[in-house]
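What follows is a set of notes on a single structure, which appears directly below.
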Amino acid sequence: LLKRIGRIGDELNMGAYVVGGFVRDLLLGIENLDIDIVVEGRGIVLAQKLAKELGGEAKRFPEFGTAVVILPDGFKIDVATARTEFYEYPAALPRVEFASLKQDLYRRDFTINSMAIKLNRKGSGDLIDFYGGERDLKKKVVRVLYNLSFVEDPTRIFRAIRFEQRYGFRIDPQTRGFIENALGEGLFERLGNERMRDELILILNEKKPLAAIERMEEFRVLRYIHPDLRLNKKITRILEEIERKKEEYKRKLKGEKVSWWLVNLLALIEDLDLSRTKQLAKRFKFKRKNFDKIIASKEVEKYLVHELSGKKRMLPSTIYKKLTKLPLEVLLLILTKSKSPRLKERVNLYLTTLRKVRIKITGEDLKRLGLAPSPQFKKILDRIFEARLDGRVKSRREELVYVKELAQKILRERGY
Numbered sequence: 083l084l085k086r087i088g089r090i091g092d093e094l095n096m097g098a099y100v101v102g103g104f105v106r107d108l109l110l111g112i113e114n115l116d117i118d119i120v121v122e123g124r125g126i127v128l129a130q131k132l133a134k135e136l137g138g139e140a141k142r143f144p145e146f147g148t149a150v151v152i153l154p155d156g157f158k159i160d161v162a163t164a165r166t167e168f169y170e171y172p173a174a175l176p177r178v179e180f181a182s183l184k185q186d187l188y189r190r191d192f193t194i195n196s197m198a199i200k201l202n203r204k205g206s207g208d209l210i211d212f213y214g215g216e217r218d219l220k221k222k223v224v225r226v227l228y229n230l231s232f233v234e235d236p237t238r239i240f241r242a243i244r245f246e247q248r249y250g251f252r253i254d255p256q257t258r259g260f261i262e263n264a265l266g267e268g269l270f271e272r273l274g275n276e277r278m279r280d281e282l283i284l285i286l287n288e289k290k291p292l293a294a295i296e297r298m299e300e301f302r303v304l305r306y307i308h309p310d311l312r313l314n315k316k317i318t319r320i321l322e323e324i325e326r327k328k329e330e331y332k333r334k335l336k337g338e339k340v341s342w343w344l345v346n347l348l349a350l351i352e353d354l355d356l357s358r359t360k361q362l363a364k365r366f367k368f369k370r371k372n373f374d375k376i377i378a379s380k381e382v383e384k385y386l387v388h389e390l391s392g393k394k395r396m397l398p399s400t401i402y403k404k405l406t407k408l409p410l411e412v413l414l415l416i417l418t419k420s421k422s423p424r425l426k427e428r429v430n431l432y433l434t435t436l437r438k439v440r441i442k443i444t445g446e447d448l449k450r451l452g453l454a455p456s457p458q459f460k461k462i463l464d465r466i467f468e469a470r471l472d473g474r475v476k477s478r479r480e481e482l483v484y485v486k487e488l489a490q491k492i493l494r495e496r497g498y
């Protein structure tokens, strides 16, 4: 694919380069299929030709000189004309002007992300490293390219922490000073809430986010997410347990989709009450489904934990009714936090068994037994489902026997 892009660049007489995270991870020996191409020339033209050759489509953004090539299998390639950025004021969104490759790489966040590899036939495979990115990779250092980097874009503070902890690097002392200066100037207060939210989600989505969260606490960044947000021993323990149990949970859920960043967020805001949680969720404008999950974690948790931890015998159908409307993320948090063996047993039963239970009979079977379609159908099917959950019926034949009893009872009550 990269050779093809280089060939198209030659045909169009344009320099083509793969840049950024792909190059960084290639040098580190880490797989990364996030491909960003920079073109010295007309990036959109190259993107359109690439899409045509590969049977894909090119979504164009002319105002930025960029395009996204989407291949038939859904794979995406970002293509951009080499450009530089200007910030009219601190924390503003940038204005874009077309420029050279060197200027384009200078606008990157850190030296380790400022490298490129040439794709054209002449010089194919050459590493372009104007700013010491390879040196800093070897030294395991996260370093900005210029002193106003965090002033222009404070979200880079999140990214510095994320890369430092992901790769086991360290933030360069001078870069650390720039971070502290930017925080001291209160630049996070000017930052758009959605931009801060997106960077927070990226950190919470890391395989092991706790180290990055601890670093955020060290830099006093958490209070910009919410003034009352702090990392303490209890929250640290929960986050550690999520990291430790994550693979076990994945096996239990058999690949079912879970927003792990959200599980980590729910742990992080453990000590915020419902009012403060709503304040945070509204401020960051989470998608409705995520907003509802965040609020649900606070609204149901206390009474639910108390009930599920109780000594009183609880039928499987009762466990199902209590848990079925709760998001997986909330259940995983409850399971992780609790020290109650009964609660763990009941939540695990729901996750691994009860929520997968299905009945075999349908409304058509009820019609054949002489019942006319009515709201009663749902009640009957619900009764069969409860019996399934509780093990009172175990096959379609047993369901039919049970439903006949229910049907006869209903018909007698109606005077038939």
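Everything in the sequence shown is counted per our numbering, starting at 83 for the first residue and increasing by one. Even for Gly, the Cβ is constructed at its ideal location relative to N, Cα and C.
Checklist entry - Taking the beta strand (DSSP E) that threonine 162 falls in, what are its first and last residues? => result On the sequence shown, position 80 is the one that residue 162 refers to. Here residue 162 turns out to be alanine, not threonine, going by the sequence shown. Looking at the DSSP string, the run of the beta strand (DSSP E) that includes alanine 162 is 158-163.
Item to check | glutamate 135 versus Asp191, Leu153 and Leu344, residue with shortest Cα-Cα distance | outcome: As a working note, residue 135 is residue 53 in the sequence shown. Of the candidates Asp191, Leu153 and Leu344, the one whose C-alpha sits nearest the C-alpha of glutamate 135 is Leu153.
Item to check | Where tyrosine 402 falls, given that 16 or more other Cβ within 10 Å makes a residue buried | outcome: Indexing the sequence shown from 1 puts residue 402 at position 320. Per the 10 Å Cβ criterion, buried.
Checklist entry - For the segment 333-381, which segments carrying the alpha helix (DSSP H) assignment without a break, of at least 4 residues, lie completely within its bounds, in sequence order? => result Within the segment 333-381, the complete alpha helix (DSSP H) runs of at least 4 residues fall at 342-350, 356-365 and 370-381.
Checklist entry - Given a threshold of 16 other Cβ atoms within 10 Å of its Cβ, counted over all protein chains shown, does aspartate 235 qualify as buried or as exposed? => result Taking the first residue of the sequence shown as position 1, residue 235 is located at position 153. Buried, because 16 or more other Cβ atoms sit within 10 Å of the Cβ of aspartate 235.
Checklist entry - Nearest-angstrom Cα distance between serine 391 and glutamine 490? => result Reading the sequence shown from its first residue, position 309 is the one you call residue 391. Reading the sequence shown from its first residue, position 408 is the one you call residue 490. Approximately 39 angstroms, taken between the alpha carbons.
Item to check | Simplified DSSP state of glycine 268, which is helix, strand or coil | outcome: Stepping through the sequence shown from its first residue, residue 268 is reached at position 186. Three-state result, glycine 268: coil.
Next on the checklist: Are the CB atoms of aspartate 472 and serine 399 within a distance shorter than 7 angstroms?
Outcome noted: The residue given as residue 399 occupies position 317 in the sequence shown. The residue given as residue 472 occupies position 390 in the sequence shown. The Cβ-Cβ distance between serine 399 and aspartate 472 falls below 7 angstroms.
Item to check | Buried versus exposed, by CB contacts within 10 Å (16 or more), aspartate 211 | outcome: Residue numbering aside, residue 211 sits at position 129 when the sequence shown is read from its first letter. It is buried - the Cβ of aspartate 211 has at least 16 other Cβ atoms within 10 Å.
Checklist entry - Do you know how far the Cα of asparagine 229 is from the Cα of phenylalanine 504? => result Since the first residue shown for the chain is 83 and the last is 498, residue 504 is missing from the structure and cannot be characterised.
Checklist entry - Buried or exposed: isoleucine 87, going by 16 or more other Cβ atoms within 10 Å of its Cβ? => result Residue 87 sits at position 5 when you count from the first residue of the sequence shown. With 16 or more other Cβ atoms within 10 Å, it is buried.
Next on the checklist: For the beta strand (DSSP E) containing tyrosine 213, name the first residue and the last one.
Outcome noted: Position 131 of the sequence shown, counted from the start, is the residue given in the question as residue 213. Tyrosine 213 -> no beta strand (DSSP E), and no H or E assigned at all.
Checklist entry - What is the rounded straight-line gap between the Cα of lysine 85 and the Cα of leucine 110? => result Working through the sequence shown from its first residue, we reach residue 85 at position 3. Working through the sequence shown from its first residue, we reach residue 110 at position 28. If I take the Cα positions, the gap works out to 21 angstroms.
Checklist entry - Of the choices Arg258, Leu347, His388 and Leu405, whose alpha-carbon is the least far from that of threonine 423? => result The residue labelled residue 423 in the question sits at position 341 within the sequence shown. It should be noted that the sequence gives proline, not threonine, for residue 423. Measuring from the Cα of proline 423, the nearest candidate turns out to be His388.
Checklist entry - Are the segment 443-450 and the segment 360-371 touching, with three or more C-beta to C-beta distances below 8 angstroms? => result As far as the Cβ criterion goes, the segment 443-450 does not touch the segment 360-371, which means the pair count is below three.
Checklist entry - Assuming arginine 124 contacts threonine 166 under a Cβ cut-off of 8 angstroms, what Cβ separation, rounded to an integer in Å, is found between them? => result Your numbering for residue 124 matches position 42 in the sequence shown. Your numbering for residue 166 matches position 84 in the sequence shown. That belief does not hold up - the Cβ atoms of arginine 124 and threonine 166 are roughly 17 angstroms apart, past 8 angstroms.
Checklist entry - Pick from Leu397, Leu292 and Arg395: whose alpha carbon is nearest that of asparagine 346? => result In the sequence shown, residue 346 corresponds to position 264, counting from 1. Out of Leu397, Leu292 and Arg395, the CA that lies nearest to the CA of asparagine 346 is found in Leu292.
Checklist entry - To which residues of the same chain is glutamate 139 closer than 6 angstroms at the C-beta, ignoring the five residues directly before and after it? => result For the purposes of this step, residue 139 is taken as the residue at position 57 of the sequence shown. Within the same chain, and ignoring the five residues on either side of glutamate 139 in sequence, the residues whose Cβ sits closer than 6 angstroms to its Cβ are Ala133 and Ile152.
Checklist entry - Near arginine 428, which residues of its chain fall below 6 angstroms by C-beta distance, leaving aside the five closest residues on each side in sequence? => result As a working note, residue 428 is residue 346 in the sequence shown. Sequence-distant partners of arginine 428 (beyond 5 residues in either direction) whose C-beta falls short of 6 angstroms from its own C-beta, in its chain, are Leu390 and Ile401.
Next on the checklist: Can you check which of these residues, Val105, Arg238 and Gln130, is closest to lysine 90 by C-alpha distance?
Outcome noted: For the purposes of this step, residue 90 is identified with residue 8 of the sequence shown, where counting begins at 1. Note on identity: in this sequence residue 90 is isoleucine, with lysine being the wrong assignment. Taking only the C-alpha atoms, the option nearest isoleucine 90 is Gln130.
Checklist entry - Are arginine 333 and asparagine 275 close, meaning C-beta to C-beta below 7 angstroms? => result As a position in the sequence shown, residue 333 is number 251, starting the count at 1. As a position in the sequence shown, residue 275 is number 193, starting the count at 1. Cβ distance not < 7 angstroms, so arginine 333 and asparagine 275 don't count as in contact.
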